[in-house]
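Okay, so here's the structure we're looking at.
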Amino acid sequence: MFLIFAYFYTGRADSQKQNAIPKVGILQLMSHPALDQINKGINDTLKKNGYVDGKNIKIEFQNAQNDQSNLRTISKQFVQDNVDVAVGIATPSVQSLKNATSKIPIVMGAVTDPEGAGIISNNKKPGKNITGVSDQAPLEAQLELMKQVIPNLKTIGIIYTSSDASATSQMKKMQKLAKKQGLNVKVSSINSVNDIQQVGTALAESVQTIYVPTDNTVASGMKLLSSIATKQNIAVFPAATTMVKDGGLATVGLSQYELGEETGKHVVRILEHKEDPATTPVTFMKKGHLMLNEKMAKKLNIQFSDSLIKEAQKKGQILK
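Right under this line is the structure:
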């Protein structure tokens, strides 16, 4: 096994100069709590494994501010800077890095559907220079939570960004799951955060509750969406726990920080020549965390059941 890894990394060294100390490039799509937590998890994991920025590793962090031109420019810069590992936080970041290099190892930080997004051909055997972590949410648990909190639920609205491959994939899966359980589903898409006011208002007027997949653009406008829904006495159930903190009612979601930790572990193993992206399966997080927003529940005159509250107290979190 050692010979295989030695060949892989020696082959890369032949075409690129060795860095005096390891260099990691982190490309984050935009600023919002979920992606920031992933980045924090990555950095903390590197520190826990003895990698101190500026001492024995150089971390180049860049935020693209949700701009496609910035994504391309930063990705090319990472290649020119000869980073040892490139990390993409969110699907568009990874897609941009993939377009920039087929040699430098790329680690996905929270890509919902790597295969569906065309990033890799197989989740179990990626085959080239990319592996990492998926943030595919526990959709069945999230739907059951909606049904438990909203009595006689019949119509669900889903809002997502049409250009976000991961959000689109998750929307389709939730739509199929909800319809299979006899629920009506109304889907509305946006192109940018500027569309949330109009699209969100129309959706809130025609459904009993709104579901938000793991969607970076909607997440950045979550407070606005929550405000719109609240005026219609409609609850918003987001996929990510960070969106509950921005006005969502509840979720069974993945910890963004834990996603970052897992991403960081991939980076460490690659740096230490213990992992070849081509043969390393994508990590899928299985543990969901229940989070309830009691403050929002009071605004909507919703009472969480005792069993839900007890579960959140034991294994999750209640926002008061």
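78 is the number of the first residue of the sequence shown in this note's numbering; add one for each residue after it. Virtual Cβ for every residue (Gly too), placed ideally from N, Cα, C. Quantities reported herein were computed from a predicted structural model and do not represent experimental measurements.
Which of helix, strand or coil does DSSP assign to residue i?
| i | result |
| --- | --- |
| Ala97 | coil |
| Lys202 | coil |
| Asn229 | coil |
| Ser243 | helix |
| Ile236 | strand |
| Val40 | One cannot answer for residue 40 here, as it falls past the ends of the chain, which runs 78 to 397. |
| Asn133 | coil |
| Thr356 | helix |
State the Cα-Cα distance for the pair residue i and residue j, rounded to the nearest angstrom.
| i | j | result |
| --- | --- | --- |
| Lys375 | Ile386 | 14 Å |
| Val44 | Leu222 | Nothing about residue 44 can be read from this structure; the chain reaches only from 78 to 397. |
| Thr189 | Lys257 | 22 Å |
| Ser384 | Lys363 | 22 Å |
| Val321 | Gln333 | 12 Å |
| Gln114 | Gly186 | 11 Å |
| Val226 | Ile379 | 8 Å |
| Asn271 | Asn133 | 43 Å |
Where does the unbroken alpha helix (DSSP H) through residue i begin, and where does it stop?
| i | result |
| --- | --- |
| Lys153 | Gln145 to Gln157 |
| Gly341 | Gln333 to Leu348 |
| Thr168 | Thr168 to Ala177 |
| Ser303 | Met299 to Lys308 |
| Ile273 | Ile273 to Ala281 |
Could you pull the start and end residues of the beta strand (DSSP E) that residue i belongs to?
| i | result |
| --- | --- |
| Met185 | Ile183 to Gly186 |
| Val289 | Thr286 to Val289 |
| Leu367 | His366 to Asn370 |
When we look at the beta-carbon of residue i and count the other beta-carbons within 10 Å, is it buried (16 or more) or exposed?
| i | result |
| --- | --- |
| Pro290 | buried |
| Met78 | Confidence in Met78 is poor, its pLDDT being 37 and thus under 50, which makes the residue's placement unreliable; the coordinate value appears in the next sentence. So Met78 ends up on the exposed side. |
| Gly127 | exposed |
| Phe314 | buried |
| Asp91 | Unreliable positioning characterises Asp91 in this predicted model, as indicated by a pLDDT of 39, which lies under 50. The coordinate reading is nonetheless provided below. Counting Cβ neighbours within 10 Å, Asp91 comes out exposed, since fewer than 16 surround it. |
| Phe381 | buried |
I believe residue i touches residue j by the beta-carbon criterion, under 8 Å. Please report the beta-carbon distance rounded to the nearest angstrom.
| i | j | result |
| --- | --- | --- |
| Glu267 | Val284 | The sequence shown places Ile at residue 267, not Glu. Actually they do not touch by this definition, with Cβ atoms about 16 Å apart. |
| Asp323 | Asp292 | Asp323 to Asp292, Cβ: 13 Å. No contact. |
| Leu216 | Met251 | 5 Å |
May I ask whether a heavy atom of the ligand HEM can be found less than 8 Å away from the beta carbon of residue i?
| i | result |
| --- | --- |
| Gln114 | The model depicted lacks the ligand HEM and carries no ligand whatsoever. |
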